[in-house]
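Just below is one structure, and these are the notes that go with it.
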């Protein structure tokens, strides 16, 4: 019993001594970037934390050259100096772009001033719009143009997305009006074929 106790004590002391040696090695080696050991760095940090004066300036000992003075023109040349350029980013500029509100206010004022002039036509009035909607004439014209474009009456390429003209030529113009088999009829046919395929009947039953 006694020998076992001394063995445990010896093992504990050995482990403690080995740990102390490892810690001493770590504390004695310099830290990366500071060239100081961990103990020295810890001592410096503690000393700076309780210091009342603080660190000295980091630029102590650096020599700075005096900044040169401003270069001023001679007294005789002051009258010949170039005037500074006036800013053109202002409303006084005749090329200043009007805002939508300013444009509308100007047109309304212009229309009020020419209210007695029968030959005056305000840009605010439009034949194509009545109450926010297109007139019947404008709608008819737009519809006819769309139909003409759809039927291929234009021989030239109006848009870059249009196919080349030689690709739009057909031997029979009647083919352009052929819409093919209606989709509803196709759906009914496929549904009937699926029902017959599930019963094991033959394809000729489609004719019945």
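Numbering (the numbering used here), first residue to last: 471 to 678.
All C-beta atoms in this analysis are idealised placements derived from N, C-alpha and C, irrespective of residue type, glycine included.
- Segments assigned alpha helix (DSSP H), at least 4 residues, entirely inside the region 563-588: Taking only runs of at least 4 residues, the alpha helix (DSSP H) segments lying wholly in the region 563-588 are 570-583.
- Message: Distance check for residue 509 and residue 476, CA to CA, integer angstroms please.
- Response: For this step, residue 476 is matched to residue 6 along the chain shown. For this step, residue 509 is matched to residue 39 along the chain shown. Using only the alpha carbons, I get a separation of about 35 Å.
- Going straight from the alpha carbon of residue 650 to that of residue 658, what length do you get? By 1-based counting over the chain shown, the position of residue 650 is 180. By 1-based counting over the chain shown, the position of residue 658 is 188. Looking at the two C-alpha atoms, the distance is approximately 15 Å.
- Query: Any heavy atom of the ligand COA within a distance shorter than 6 Å of the CB on residue 611?
  - Reply: The ligand COA is not part of this structure, which contains no ligands at all.
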